[in-house]
Each structure stands twice: as C-alpha cells, then as structure tokens.
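Reviewing the structure listed below.
Number of protein chains: 2
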Amino acid sequence: MTDSFASRFAKVRLDQGPLVWGLDPSPALLEAWGLGDDADGLDRFVDIVLEAAIGTVGIVKPQSAFFERHGWRGIRTLTRLLAEARSEGLLVILDVKRGDVGTTNDAYADAFIGDGAPLQADAITVHPYLGLRAMDAFVGRVARAGSCLLVVTRSSNPEGRTIQAAVGESGRTVEEQLLAEIGALNSALAPGEIGPIGAVFAPTHLEPDLDLASAHALFLAPGIGAQGATGQDVARTFATCPERVMPSASRALLSVGPDAGRMRDAAAALGAEMRQILSP
Amino acid sequence: MTDSFASRFAKVRLDQGPLVWGLDPSPALLEAWGLGDDADGLDRFVDIVLEAAIGTVGIVKPQSAFFERHGWRGIRTLTRLLAEARSEGLLVILDVKRGDVGTTNDAYADAFIGDGAPLQADAITVHPYLGLRAMDAFVGRVARAGSCLLVVTRSSNPEGRTIQAAVGESGRTVEEQLLAEIGALNSALAPGEIGPIGAVFAPTHLEPDLDLASAHALFLAPGIGAQGATGQDVARTFATCPERVMPSASRALLSVGPDAGRMRDAAAALGAEMRQILSP
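Each protein sequence line maps, in turn, to chains U and C. Mapping to my numbering: the first sequence position 242 is 269, numbers consecutive. Mapping to my numbering: the second sequence position 219 is 246, numbers consecutive.
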C-alpha cells in the first residue's frame, strides 16, 4: 500500500516545515545567474537549485512552462530534475496545469502519475474548466498511486474573478462549487482523512471567505514573498486549516541566487516563518 | 508582415476544405495499429499519418497529451511532426490546453508561438480559468506572429456546464463573457477582420444559443464523427458563421487506419461533407 500524498506531506511538514520552493527558471533568471538562456543553462540551473534545496526544504515545485520553452531538451532536463529530487526524498509538485476529458486525461496520468510515468511527480496542478467531475478516472489513478491532484481554484489575479466568482446552478460560486466537489471526492476516497484532491488557492484577501476545512484537502498557496503575499495573508486565509497549507515561494528565494548558501539561508528563514505562522 | 492565421485558414479552406484531422495516438490506437506503445511506435504513427494527411486535409491537430506520455522522446517526436507538417504546408493546431499568468504565459509563448519556438505551431488551445484578460501579453505575441489562440469556451461534456454556464458579475454566463472578451480583443487587434483569438466550441445542442458571429473569431469544433457530433450538429451550431468553423475529427479517421489509403478516403469523404455543410 502506497502512502498517501497527505501522509507524506504531514511527515515532511514535521521534519522540514511546509515551505514549497518554486523552481521557475525564467529567461530573466537564467541571464541574471549568468547561465545562458538555453538547454545547457537550464541543466546548470537544475544542478544549482537541487544542491540548495536538498536538506533545506521538503518540497519543490518546478513550473513546467519554463522547461517546455526549451523544447524536448528542456523536458529531458525536467525529467532529470524530477528523478533526482524524488530520489533525495524531496516531494515534487509539478506545476503543469493540465486538464482535459476522457482518454486525454488518462494520457496525462500516464505522463505524470505513478511508477513508470516518464515525468513522475508526487503531485500535479490541473485546470478545472472542463469540469472536475470529468476527471473521475484521473482522480482514481491519482489516489491509487499515492499522488495528489491540485485543482486550480482561486487565483490572486483580478482577471481570474470573471470565472472563479461566477455563480453556478447550485447557487454557489465556481470556486465554492469546486471546493464542495473536492470535499465530496476526498470523503469518498479517503474517509476521515485528508484526501488526494487538493486545491491551488491564493493566499490573498478576497471576498468571500470560503469554508476551506470541509474540503478535507491540502492547499497549495502560491506567490509568497516577492510575488506579494505575506505571512499574515497566509495565516489569515488558512486560519481554519493551517496544517494543510503548502505555501510556495519562487522569486523570493531564486532572486538571491545563484549562490547556493544565500538561497539556503533565505529558504531556511522563510521556512521558519511559515512553520511558525502555520502552527495549529 | 506575416499573414494572419485567419487569412491562412481562409486559403486552406478554399483549397482543401475546413476539416481538421485530430492526431490522437492513444495507447489503444498504437496497439490497434500494431506499432507498440512506446516512443518508436509513436514515431511510426507520425510517419503514417503525415503520409495520409498531406494533400488530403489542410489542417492537423495533434493532442499533446498523447506525446507527453512518452516523456521527452515523445516531445522530440512531436517536434518532428510539427516541423514536417508545417513544411508541407499543413496548418497545425497544437492541442495543449495551456494557460497561466504573467511570465509563465510568456514561457508558453516561447515554446509554441512564432519563429524560433521549439514546438512552433500555427495555433494552440488554451484554458481560460485564470482569466482571458490575464493573457494580454500572450495575445499580443500571438497576433504579431500570425498565430491563433483557441480559448476553450464550451465543451460537449455535461460536467463542463458547472463552470461554463455559471453567471458572472456582468450577468452573462462564463462562456458568453468569454465570447464577448474574444470579440473585444479581436476588434482591437484586427478591426473589421477575423482576429487572432478563436474559441474551442462544441458542436452540440446546448442551450442557450450564443452570438458567435460577433466574436469575429474562428471556432474549433472538436469531436466530429466517432465522438458523437454530426454534420447537422455542426451546421446548426455555427449557422451564423459557417465559414469560420474548423470541424475536427480524430477517431472517425484514425479508426480506419493504419492503411493510409483508407484513411485518405475517410478524410476526403468527411472533408467533402464538412465543406458542403459549412458553405455560407
């Protein structure tokens, strides 16, 4: 029996804290680090961040787009990143924001979920626009593999409200309805526990407050630090379920690189802050 | 000055008709064709379908998920497919359903849009959950490159209604609001013409009918034939703008393979039907 992602996160959280290190090798970053904006530079980026992350944080989150822009060589580098990080005991959330219907979702599961997947990750992000209930087979595979699907639910950008705050047939907003569906799936798949379906949920002050605890879910809270959200934002947004939050920082940590020691110090400081703020 | 995607589609439509051949090398298909479900089998799939498609249809639509499941080798094969198809004059819609905010969208544009992109396509599909207006920079690049963004707007699966039919602050449903935003972007980017932002729009009978013509957009209508939609569904759904429709069939054509001649016959017959049905 494979341990669930939630139980693996709970262990990592105790050992190293909840902080997620977002790995976003943008062209600007590769240039700033003097690596060159090409597949070789990307390879060196991976070496540097792995050296800094291992033993410093428990979770890393590579953003697929910054690897895809280097074509198949970038995906080869991402493959190596995933394998090396996981072999060192890091949990890996692959930020790919995929999402489709039917056999296409099966194909994405083949790519990312479970043993034998060429780009095996511990968790991936998905888009719900085609309906979370269109992902039932995907969800089942994720649960059996001890992985996690993180459903993009609430984003911090104002343009996102057009869809996320729209009101559906149930009288709930889209984001409320998603949380309810996530809660129902998790209750069915992992009764009494935190289930395999999580949510990407911005740690920003937006109305209304939603009932996060009843989703029985983990929450990926992106954009801590340089992208704008503070520790207080995180604490406030997730006040009812602090132990289920995975706060993610990218630029706040990478901007002090490429020196591995300075990045380790920054990650350790932010990690300690998040651990303290998210104590139940 | 690069020709717009819309003008290139108009030319292809006159020469070869509007039919899009969806290239979905699922594991079941690779097995049925006797190719083996691995990167080598995928390579042979590409050789066979290109031989059949060139000169038969004007547009092909590879589904990225079925290449991603073979890891970086699958992406290398997809790269070859894109380059060979485009060099033979086929328009290529890459069905990737990406979509993010800020510099992440820039990275996706780097991957797929314009000269020099490693996976250069003529059009790609995108998810709007984070807000179409969060994609303004992406949209501008697509317009300048003569490419097309096809925004997933209405899907045929019932689970999609939860989000797509939700009602936003404007009093419009999410899908209506998206069409309005697409129309506004197209009017600004290509006044008086069909603009670079299109929509993926299911050719199925769903209420309400929407005002498609005023989006000044092309429409990708997936799932013709084996996946359920008939010519009559297509004609009815797009009655106000038949010359802007790209009807796409995948299983209906691939299921008669791997014989290239039989697939050519099936594509020619369906292509003729679509051309006739979608005559203004």
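All C-beta atoms, glycine included, are put in the ideal place defined by N, C-alpha and C. Here the structure is a predicted model, which means the values were calculated and not measured.
Within 8 Å of any Cβ in chain U, is that where the Cβ of residue i sits?
{"i": "Gly189 (chain C)", "result": "The question names Gly, yet the displayed sequence has Thr at residue 189 (chain C). True, the Cβ-Cβ gap to chain U drops below 8 Å."}
{"i": "Gly158 (chain C)", "result": "yes"}
{"i": "Glu95 (chain C)", "result": "yes"}
{"i": "Ile102 (chain C)", "result": "yes"}
{"i": "Val201 (chain C)", "result": "yes"}
{"i": "Ser114 (chain C)", "result": "no"}
{"i": "Trp60 (chain C)", "result": "no"}
{"i": "Ala138 (chain C)", "result": "yes"}
{"i": "Thr231 (chain C)", "result": "no"}
{"i": "Val194 (chain C)", "result": "yes"}
{"i": "Val73 (chain C)", "result": "no"}
{"i": "Gly252 (chain C)", "result": "no"}
{"i": "Gln204 (chain C)", "result": "yes"}
{"i": "Asp70 (chain C)", "result": "no"}
{"i": "Asp311 (chain C)", "result": "This structure does not reach residue 311 (chain C), given that chain C is present from 28 up to 307, and the question cannot be answered."}
{"i": "Trp99 (chain C)", "result": "yes"}
{"i": "Thr264 (chain C)", "result": "no"}
{"i": "Thr83 (chain C)", "result": "no"}
Can you grab the Cα-Cα spacing for the pair residue i / residue j, in whole Å?
{"i": "Gly101 (chain U)", "j": "Pro52 (chain C)", "result": "22 Å"}
{"i": "Ala125 (chain C)", "j": "Pro155 (chain U)", "result": "A small correction: the amino acid at residue 125 (chain C) is Arg; Ala does not occupy that position in the sequence shown. Approximately 12 Å, taken between the alpha carbons."}
{"i": "Ala110 (chain U)", "j": "Thr29 (chain U)", "result": "18 Å"}
{"i": "Ser197 (chain U)", "j": "Arg181 (chain C)", "result": "19 Å"}
{"i": "Leu105 (chain C)", "j": "Pro145 (chain U)", "result": "16 Å"}
{"i": "Thr264 (chain U)", "j": "Asp238 (chain U)", "result": "10 Å"}
{"i": "Leu176 (chain C)", "j": "Ala33 (chain C)", "result": "11 Å"}
{"i": "Val128 (chain C)", "j": "Val179 (chain C)", "result": "16 Å"}
{"i": "Leu206 (chain C)", "j": "Gly225 (chain C)", "result": "9 Å"}
{"i": "Thr257 (chain C)", "j": "Ala161 (chain U)", "result": "22 Å"}
{"i": "Ala294 (chain C)", "j": "Ser174 (chain C)", "result": "25 Å"}
{"i": "Leu62 (chain C)", "j": "Asp70 (chain C)", "result": "9 Å"}
{"i": "Leu157 (chain U)", "j": "Pro89 (chain C)", "result": "19 Å"}
{"i": "Leu50 (chain C)", "j": "Ser277 (chain C)", "result": "6 Å"}
{"i": "Ser184 (chain C)", "j": "Asp67 (chain U)", "result": "The identity of residue 184 (chain C) in the sequence shown is Asn, whereas the question assumes Ser. Those two C-alpha atoms are separated by around 43 Å."}
{"i": "Phe228 (chain U)", "j": "Asp292 (chain C)", "result": "50 Å"}
{"i": "Tyr135 (chain U)", "j": "Arg96 (chain C)", "result": "6 Å"}
{"i": "Thr231 (chain U)", "j": "Asp142 (chain C)", "result": "38 Å"}
{"i": "Ala296 (chain U)", "j": "Arg35 (chain U)", "result": "23 Å"}
{"i": "Gly98 (chain U)", "j": "Ala148 (chain C)", "result": "13 Å"}
So, at 6 Å on beta carbons, what are the nonlocal neighbours of residue i in its own chain, with the 5 sequence-adjacent residues on each side left out?
{"i": "Thr200 (chain U)", "result": "Ala192, Val194"}
{"i": "Ile151 (chain C)", "result": "Leu121, Val123, Phe139"}
{"i": "Pro285 (chain C)", "result": "Trp60, Ile75"}
{"i": "Pro54 (chain C)", "result": "Asp64"}
{"i": "Gly210 (chain C)", "result": "Ser241, Ala242, His243"}
Tell me which same chain residues have a C-beta within less than 7 Å of the C-beta of residue i, skipping the five on either side of it?
{"i": "Ile190 (chain U)", "result": "Val201"}
{"i": "Val39 (chain U)", "result": "Gly85, Ile86, Leu118"}
{"i": "Glu203 (chain C)", "result": "Leu237"}
{"i": "Val272 (chain U)", "result": "Pro45, Phe246, Ala248, Val261, Phe265, Leu305"}
{"i": "Asn6 (chain U)", "result": "The question about residue 6 (chain U) has no answer here: the residues shown for chain U are numbered 28 through 307."}
{"i": "Pro307 (chain U)", "result": "Pro269, Glu270"}
{"i": "Ala112 (chain U)", "result": "Leu77, Val87, Val119"}
{"i": "Arg171 (chain C)", "result": "none"}
{"i": "Val283 (chain U)", "result": "Arg289, Met290, Ala293"}
{"i": "Val73 (chain U)", "result": "Thr104, Arg107, Leu108"}
In chain order, what residues of the same chain have a beta carbon less than 8 Å from the beta carbon of residue i, not counting five sequence neighbours either side?
{"i": "Ala287 (chain U)", "result": "Ile75, Glu78, Ala79"}
{"i": "Gly44 (chain C)", "result": "Val84, Gly85, Gly298, Ala299, Met301, Arg302"}
Closest Cβ-Cβ distance between residue i and chain C: below 8 Å?
{"i": "Lys88 (chain U)", "result": "no"}
{"i": "Val179 (chain U)", "result": "yes"}
{"i": "Leu146 (chain U)", "result": "yes"}
{"i": "Lys124 (chain U)", "result": "yes"}
{"i": "Gly143 (chain U)", "result": "no"}
{"i": "Val227 (chain U)", "result": "no"}
{"i": "Ser182 (chain U)", "result": "yes"}
{"i": "Val234 (chain U)", "result": "Looking at the sequence itself, residue 234 (chain U) is Glu, so the reference to Val does not match. It does not: the Cβ of Glu234 (chain U) has no partner Cβ on chain C nearer than 8 Å."}
{"i": "Val272 (chain U)", "result": "no"}
{"i": "Asp149 (chain U)", "result": "no"}
{"i": "Pro223 (chain U)", "result": "no"}
{"i": "His154 (chain U)", "result": "yes"}
{"i": "Glu111 (chain U)", "result": "no"}
{"i": "Val128 (chain U)", "result": "yes"}
{"i": "Ser53 (chain U)", "result": "yes"}
Got a sec: does the ligand MG put a non-hydrogen atom nearer than 7 Å to the Cβ of residue i?
{"i": "Tyr156 (chain C)", "result": "Ligands in the displayed structure: none, and consequently the ligand MG is not present."}
Discussion item. Threshold first: 3 residues or longer. Then list the beta strand (DSSP E) segments lying entirely within the region 116 to 142 of chain C, N to C.
Written reply: 118 to 125
inquiry  = Under 8 Å: do the region 58 to 72 of chain U and the region 243 to 253 of chain U share three or more Cβ pairs, one atom per stretch?
reply    = no
field: Segment contact flag, the region 216 to 231 of chain C with the region 210 to 221 of chain U, C-beta cutoff 8 Å, min 3 pairs
entry: no
Checklist entry - Whole alpha helix (DSSP H) runs in the region 194 to 261 of chain C with 4 or more residues, listed along the chain? => result 201 to 216
Jot down the residue ranges of each uninterrupted beta strand (DSSP E) in the region 65 to 102 of chain C, minimum 3 residues, whole runs only, in chain order.
-> 86 to 89
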